[in-house]
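K.L.:
Quick one: structure below, then a few questions.
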Amino acid sequence: MTAEPHRFETAPGGLTVADVRAGYDPGFRFELEDGVAVMMASATRWHNRVQRHLAVAMEAVCPSNLSVEVEQAIEITEDFAPVPDILVIDMAAALPDANVYPKAAVHLAVEIVSPGTRRKDRMIRPMDYAHAGIPYFWRIEAEDFQPAVYTFRLDETLGQYSPIDVHRKLLRTSWPFTMEIELADLGH
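Those letters in the sequence shown? Residues 0 to 187, by numbering that gives the first Met the number 0.
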């Protein structure tokens, strides 16, 4: 016996963040884009290991007023909720039943580039996150299967991210909080 998927009645314009908060589940990992549940690309083993190990390392040094989250949506508009690989949010927004966070609670969005997400992670998401006012963005690239962390800070005057640094072997930063993380073994 298979369970019938839950059907949601949506407005003619499509799905909303309210639908996602209420538990909308199309049966696959998705991001909400312009009211449409868009399937997320499958992640590689390297991507998943970097994501998991980096999130754990960040949690170990994260201050108590912030929280490190993995694959949780950000409400950019009522019909647009992208899902970064890692994000840092205000602890006050980290409710046990939350599956979407308000953009004002997000300090950092991290995207780990995979073969199926290169264009999105390098060009589209930085524009989306900058437009939403998220102060920091990191893009992680595989360089011979070693992570290179490209860090950016929002330039509010320009409305886009400005590069801060590229970290190889060691991620040492004070933004959004002080951390020093060995990168060499994150993907192994």
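For every residue, glycine included, the Cβ atom is placed at its ideal position computed from N, Cα and C.
May I ask you to report which of helix, strand or coil DSSP gives Trp137?
P.N.:
If you number the sequence shown from 1, residue 137 lands on position 138. Strand at Trp137.
K.L.:
Just to confirm my understanding: we take Asp89, look at its own chain, exclude 5 residues before and 5 after, and list those with CB closer than 6 Å. What are they?
P.N.:
Counted from its first residue, the sequence shown places residue 89 at position 90. Excluding positions up to five away in sequence, the list reads Ala104.
K.L.:
Here's a check: name, in chain order, each residue in its chain whose Cβ is nearer than 7 Å to the Cβ of Arg171, leaving out the five neighbours to either side.
P.N.:
Here the question's residue 171 lines up with position 172 in the sequence shown. The residues are Glu179.
K.L.:
So which of Ala80, Glu58, Asp154 and Thr116 has the shortest CA-CA distance to Thr177?
P.N.:
For the purposes of this step, residue 177 is taken as residue 178 along the sequence shown, with counting starting at 1. For the residues Ala80, Glu58, Asp154 and Thr116, the minimum Cα distance to Thr177 belongs to Glu58.
K.L.:
Pull up the distance between the alpha-carbon of Gln47 and that of Asn64, whole angstroms please.
P.N.:
For the purposes of this step, residue 47 is taken as residue 48 along the sequence shown, with counting starting at 1. For the purposes of this step, residue 64 is taken as residue 65 along the sequence shown, with counting starting at 1. First, the residue type needs correcting, since residue 47 is Asn and not Gln in the sequence shown. For Asn47 and Asn64, the distance between alpha carbons rounds to 26 Å.
K.L.:
DSSP three-state call for Tyr128: helix, strand or coil?
P.N.:
The residue you call residue 128 lines up with position 129 of the sequence shown. DSSP places Tyr128 in helix when its eight states are reduced to three.
K.L.:
Could you tell me which residues DSSP pairs with Ser66 in its beta bridges?
P.N.:
As a first step, residue 66 is located in the sequence shown; it is residue number 67 there, counting from the start. Per DSSP, Ile88.
K.L.:
With DSSP as the reference, label Met57 as helix, strand or coil.
P.N.:
Numbered from its first residue, the sequence shown carries residue 57 at position 58. Note: Met57 maps to helix in three-state DSSP.
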